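> There's a structure below that I have some questions on.
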Amino acid sequence: MPDTKANAEKEVKKTKRLSGLSYVLTAIISAFAILLCINQLFHVNIAGFMPIGNAYYYYILTCYLSISFLIYPANKKPEYKIPWYDWVLFAVCVIDTIYLASNAYNILTRGWEYKAPLLPTIAGAVLWLLALEGVRRAGGFGLFVVCLVFSFYPLYAIYMPGFLWGPQFSFTETIRYHSMGVESIIGIPTRVVGNLLVGFLIFGVAIVSTGGGKFFMDFAMSLLGHTRGGAAKVSVLSSAFMASLSGSVISNVVTTGSVTIPAMKKTGYSPTWAGAVEACASTGGTIMPPIMGAAGFLIASFLNVPYISVMWAAFFPAFLYYLTLILQVDSHAACTGLTGLQKEELPQFWATLKNGWFYLGSLVLLIFILMYMRTEAWAPFYVMIFLFACAMIRKETRFTWKTFIEFIVQSGKLLAQITAILAGIGLILGSLSGTGVANSFSRELVMLAQGNIVFLLVFGALTSFVLGIGMTVTACYVFLAIVLVPALVGVGLNEMGCHLFVLYWGCLSYITPPVALGAITAATISESNPLKTSFLSMRLGTAKYILPFLFVLSPAMILRGPLFEVLLAVITAILGCILLACALEGYLYFYGKFSYYLRVPIFISGFLLLYPYWIADIIGFAILIIVVFIIKSGLAVHSKGQTYNRNQV
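Structure, rendered in structure tokens:
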């Protein structure tokens with residue numbers, strides 16, 4: 111636990127290394143990368159420059175993998191100056207990737223992936239090493255070890271037993287496959303960066319850079335700040351907005367938590383509660399549309415579907431998660447007598463909306479373009495034109511040269527981290543695909559389960575959680591998408607639901623002890639006990655543990671299927687989440703705080719209503735009717751505490 115807390119504190123107090131020449135280079139290279147992306151996606155053909163596909167992905171590595179060596183230090187010691195060896199790695203990365211990009215045509219037409227001259231092979235080996243070092247710095251030592259072991263897998267696959275066996279590659283064949291093939295370093299993960307992530311993540315940075323973070327905070331306060339437990343509800347709503355744009359749990363805890371956690375403590379929430387609420391609210395960012403971090407775009411690429419399909423499927427489960435969380439917050443406030451913030455302290459709703467309507471308008475426009483124009487690669491750039499035009503009208507949101515350059519640098523830093531991680535993950539993907547082990551593992555798992563869906567789901571949940579401890583959410587998802595998801599689909603489960611299942615469980619380690627990095631980061635800010643905050647985060651995030659099992663069994667929970675089934679699933683799921691929140695906090699609306707012995711039947715009723723089966727719904731309703739009868743007949747006794755008062759809501 112101390113090590114984890116230390117890591118969380120380093121996230122909070124991260125040292126900025128960029129200054130002087132490194133800052134200028136990062137700005138220039140990041141700006142070039144944006145122009146490169148626009149040139150490629152819109153077919154602008156600037157100065158006659160239009161690289162072919164694999165050359166474009168090498169250039170993406172030239173821009174973002176190279177600056178990752180300037181941004182992330184080689185070790186955990188705080189550095190205020192970039193050492194000489196980082197400059198060497200930066201230069202080598204630029205030269206090496208440009209060389210491979212300039213030979214992209216030869217790689218494709220002369221089959222260099224299988225037999226290349228000596229110099230390109232050496233360049234490929236250098237890229238392999240750079241990808242490993244990049245993922246070590248940006249993704250952590252645990253992910254580095256996984257990437258290292260799997261990147262060498264083609265060399266020793268022939269010695270592995272049973273379904274882990276694969277054809278042997280020579281060392282030079284492995285180098286060429288990883289560096290010049292289309293399934294490894296420049297495979298699906300890097301292609302997702304170049305084709306989709308650059309635009310969407312820059313859009314997220316643009317909203318924050320123009321003042322969107324303050325707007326969403328003020329907007330949430332004007333809506334919910336005055337209500338019972340308003341400060342915590344503001345935390346949930348504002349974190350849902352911001353985390354959905356960034357997709358990063360830790361950065362969202364740090365940015366929004368530095369405002370919401372003190373506000374919660376001020377209104378009477380304990381430090382433990384304040385930290386746990388913020389951790390759970392921020393953890394939802396990886397599952398909340400419209401952006402969902404990198405994982406949502408990877409799901410779209412693996413399934414070969416438009417990104418709007420992923421957004422649509424992810425929306426309702428994410429809504430249920432945040433609904434349950436905000437109801438738990440409200441119930442706790444009712445039980446403990448917590449009030450909202452004074453209206454005099456809160457921003458005015460209409461004034462807030464008048465000053466920042468275009469932030470909400472940007473999100474609406476983004477969804478509209480994705481749904482009706484079907485140009486997902488272009489969508490964020492169109493929306494950014496609208497956003498910047500509106501932001502330039504008001505002095506408070508207008509870009510200056512200084513703020514514009516900072517926006518470019520921040521987008522470069524974010525994409526450098528994502529690119530370094532995804533290039534390393536590409537090594538895993540390439541090795542498992544090249545040796546065929548991914549398919550054989552899935553077949554073996556299906557045979558072992560013998561059609562037992564429950565076994566596969568429990569195995570998948572535990573595997574996702576364990577991998578999520580040592581890997582980033584994106585890395586965990588990609589690994590399981592190629593080894594576990596095919597097995598789940600093989601027993602008849604919905605493919606989209608399976609991908610979302612491993613994504614949900616992959617990010618639960620942020621609120622689950624012993625790691626719970628999101629909860630511990632929040633505990634650092636709230637000055638609470640990290641372990642208590644982690645366990646409370648588990649309780650508040652209960653819905654996130656349950657929902658994946660439900661929507662993977664019932665496509666109606668991800669809004670797929672006949673209209674009647676979808677409507678029934680939506681209605682019963684919402685009622686089920688309300689009852690779960692009531693049971694977890696011991697507070698029933700229109701009744702008040704109730705005894706512990708009623709919590710169990712109310713929880714069971716809520717779970718059965720969530721369960722995607724009509725008999726379960728009937729039993730759940732029956733239990734609820736019995737509980738209501740007990741309450742109405744006076745057989746139940748109020749616990750000590752505050753009863754329901756509609757004027758407080």
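Residue numbers (my numbering): 111 to 759.
Glycine included, each C-beta is placed from N, C-alpha and C at the ideal position.
All values derive from a computational prediction rather than experimental measurement.
1. Measure the alpha-carbon distance for residue 219 versus residue 213 and round it to whole angstroms.
2. With a threshold of 7 Å on Cβ separation, who are the neighbours of residue 561 within its own chain once the five nearest residues in sequence on each side are excluded?
3. Please state if the CB of residue 580 and the CB of residue 61 are separated by a distance shorter than 8 Å.
4. Could you check the C-alpha separation between residue 475 and residue 496 for me, to the nearest Å?
5. Taking the C-alpha atoms as reference points, what is the distance between residue 181 and residue 689?
6. Are the CB atoms of residue 347 and residue 333 within a distance shorter than 8 Å?
7. Curious, which full-length alpha helix (DSSP H) runs of at least 4 residues does the segment 562-645 contain?
8. For residue 548, I'd like the list of residues in its chain whose CB is within less than 6 Å of its CB, leaving aside the five on either flank, ordered along the chain.
9. Roughly how many angstroms separate the alpha carbons of residue 263 and residue 285, rounded to a whole number?
10. Taking all protein chains shown into account, decide if residue 251 is buried (16 or more other Cβ within 10 angstroms of its Cβ) or exposed.
11. By the three-class DSSP mapping on this structure, what secondary structure does residue 450 have?
12. What's the C-alpha gap between residue 397 and residue 331?
13. Measuring only from the beta carbon, is residue 628 closer than 7 Å to any heavy atom that is part of the ligand FAD?
14. So for residue 696, helix, strand or coil by DSSP?
15. Indicate the three-state DSSP secondary structure (helix, strand or coil) for residue 702 in the structure shown.
16. Where does the unbroken alpha helix (DSSP H) through residue 520 begin, and where does it stop?
17. Can you tell which of 575, 664, 574 has its C-alpha closest to the C-alpha of residue 607?
18. Could you tell me whether the segment 515-531 touches the segment 308-317, using the rule of 3 or more Cβ pairs below 8 Å?
19. Would you identify the three-state DSSP class for residue 358, choosing helix, strand or coil?
20. Closer than 6 Å by C-beta to residue 340: which residues in its own chain qualify, once you throw out the five before and the five after it? Chain order, please.
21. Identify, in the order they occur along the chain, each residue of the same chain with its Cβ nearer than 6 Å to the Cβ of residue 644, setting aside the five sequence neighbours on each side.
22. Is the segment 383-400 touching the segment 643-662, taking contact as three or more C-beta pairs under 8 Å?
23. Excluding five sequence neighbours on each side, which residues of the same chain lie with their C-beta closer than 6 Å to the C-beta of residue 462?
24. Could you tell me whether the Cβ atoms of residue 306 and residue 487 are closer together than 8 Å?
25. Hey, residue 405 and residue 350: beta-carbon distance below 8 Å or not?
26. Taking the alpha helix (DSSP H) that residue 243 belongs to, which residues open and close that run?
27. Just to confirm, is the Cβ distance from residue 536 to residue 295 under 8 Å?
28. Can you tell me which of the three DSSP states residue 743 falls into?
29. Please look up how many angstroms separate the CB atoms of residue 588 and residue 403, rounded, as I've assumed it's under 8 Å.
30. If you count every other CB in all the chains shown that lies within 10 Å of the CB of residue 634, and 16 or more means buried, which is it?
31. For residue 336, which three-state DSSP category applies?
32. Restricting to runs no shorter than 4 residues, where is the alpha helix (DSSP H) found entirely within the segment 151-219?
33. Under the rule that 16 or more other beta-carbon atoms within 10 Å means buried, what is residue 130, buried or exposed?
34. Given a cut-off of 8 Å, decide if residue 448 and residue 378 are closer than it, judged by their beta-carbon atoms.
35. Please list, in chain order, all residues of the same chain as residue 567 whose beta carbon is under 7 Å from its beta carbon, the five residues on each side excluded.
36. Quick check: the Cα distance between residue 540 and residue 298, rounded to an integer number of angstroms?
A quick look at the data gives this:
1. Going from the Cα of residue 219 to the Cα of residue 213 covers about 10 Å.
2. Cβ within range, chain order: 601.
3. Lying outside 111 to 759, the shown extent of the chain, residue 61 is not represented and no answer is given.
4. Annotation: residue 475 to residue 496 spans about 9 Å, alpha carbon to alpha carbon.
5. One C-alpha to the other measures close to 47 Å.
6. Contact flag set, yes.
7. Fully enclosed alpha helix (DSSP H) runs of 4 or longer: 563-580, 583-593, 595-600, 605-616, 627-636.
8. 542, 592, 593.
9. C-alpha separation (whole angstroms): 12 Å.
10. Burial call: exposed.
11. Here residue 450 sits in coil by DSSP.
12. So the alpha carbons of these two residues sit roughly 23 Å apart.
13. Among the ligands in the structure shown, none appear at all, so the ligand FAD cannot be discussed.
14. Here residue 696 sits in coil by DSSP.
15. Strand at residue 702.
16. According to the DSSP assignment, residue 520 belongs to the alpha helix (DSSP H) that extends over 511-545.
17. The shortest Cα separation from residue 607 among 575, 664, 574 belongs to 664.
18. Enough Cβ pairs lie closer than 8 Å, so yes.
19. In the structure shown, residue 358 falls within a coil segment according to DSSP collapsed to helix, strand and coil.
20. So the list reads 334, 450, 451, once near-sequence residues are dropped.
21. Closer than 6 Å at the Cβ level, and outside the excluded window around residue 644, lie 623, 626, 629.
22. Contact between the segment 383-400 and the segment 643-662 is present, with at least three C-beta pairs closer than 8 Å.
23. These residues qualify, in order along the chain: 328, 329, 332.
24. A distance below 8 Å separates the beta carbons of residue 306 and residue 487.
25. One thing to note: residue 405 has its Cβ no nearer than 8 Å to the Cβ of residue 350.
26. Residue 243 -> alpha helix (DSSP H) spans 228-249.
27. In this structure, residue 295 lies closer than 8 Å to residue 536 by Cβ.
28. Per DSSP, reduced to three states, the secondary structure at residue 743 is coil, with no helix or strand assignment.
29. Cβ-Cβ separation between residue 588 and residue 403: approximately 12 Å, too far for a contact (criterion under 8 Å).
30. It is buried - the Cβ of residue 634 has at least 16 other Cβ atoms within 10 Å.
31. Annotated three-state conformation of residue 336 is coil, per DSSP.
32. If only complete runs of 4 or more residues are kept, the segment 151-219 shows the alpha helix (DSSP H) at 163-181, 194-212, 214-219, in order along the chain.
33. Burial call: exposed.
34. In contact: residue 378 and residue 448 (Cβ atoms closer than 8 Å).
35. Here the set comprises 659, 662.
36. C-alpha separation (whole angstroms): 10 Å.
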